[in-house]
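Right, one structure below, let's go through it.
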Amino acid sequence: MSAILDGHDNPLPVDTPKGEALCFAWESTGFGEHNLWHTFILATGEAWTFQNPEIRVAKNHTAHVRTCE
């Protein structure tokens, strides 16, 4: 079972192992599985997909969001 949420109108800024990116779609692959985050890397324009443990919401001081430490 798979559910996809499309965020292309309002992409979510995220930090990934490849650098800062915009998440344009999120995919749930079912109970007990990692979600998939479909992104575009800002520095290169490459499209990458990451699982939950690999991705974090980007730092955003306006929204009072800080990276996990």
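Read in order, the letters of the sequence shown are residues 1 to 69 in the numbering used here.
Don't be surprised by glycine CBs; every beta carbon is placed ideally from N, CA and C.
Between the alpha carbons of cysteine 23 and proline 17 lies a distance of about 13 angstroms. With respect to threonine 39, threonine 29 sits apart: the two C-beta atoms are not nearer than 9 angstroms. The beta-bridge partner set that DSSP reports for aspartate 15 consists of Glu20 and Arg56. With 16 or more other Cβ atoms inside 10 Å of its own Cβ, alanine 21 counts as buried. Nearest C-alpha to glutamate 46 among Gly19, Phe31 and His34: Gly19.
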